[in-house]
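Residue numbers (my numbering): 26 to 109.
Now the structure itself:
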């Protein structure tokens, strides 16, 4: 089975320095999360549309974030992959 995984920072850079879709994603991310430093990360995740967002940061394990992307920690991802 193949999974899409979030790896790219280009969305973040474009969103910070230019107007357009990327900056809109940054704005959307800002409405989903309370910690300013996490907004660029979540924006990049939303743009990448991965099957899973793997993180150890507890700020992303909220109902609001989980409503738009599947958030897992490393252990949960390995468990999911091994089940397939």
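Ideal placement from N, C-alpha and C gives every residue a C-beta, glycine not left out.
Keep in mind it's a predicted model, so treat the numbers as computed, not measured.
Nearest candidate by alpha-carbon position, reference residue i, set the options
i           : options           : result
residue 105 : 90, 87, 84, 77    : 77
residue 70  : 90, 61, 83, 103   : 90
residue 117 : 55, 49, 38, 103   : Summary: the structure shown does not reach residue 117, with the chain confined to residues 26 through 109, and so no result is reported for it.
residue 92  : 57, 108, 101, 103 : 57
residue 88  : 59, 99, 46, 75    : 59
residue 74  : 49, 82, 94, 62    : 94
Pair within 9 Å by beta-carbon distance, residue i and residue j
i          : j          : result
residue 80 : residue 64 : no
**OP:** Ignoring anything shorter than 4 residues or poking outside the segment 76-108, list the alpha helix (DSSP H) runs there in chain order.
**Re:** With a minimum length of 4 residues, the continuous alpha helix (DSSP H) runs that stay inside the segment 76-108 are 88-91, 99-108.
Original post:
If you scan the segment 48-79 from start to end, which runs of the alpha helix (DSSP H) of 4 or more residues do you find wholly inside it?
Top reply: Fully enclosed alpha helix (DSSP H) runs of 4 or longer: 64-73.
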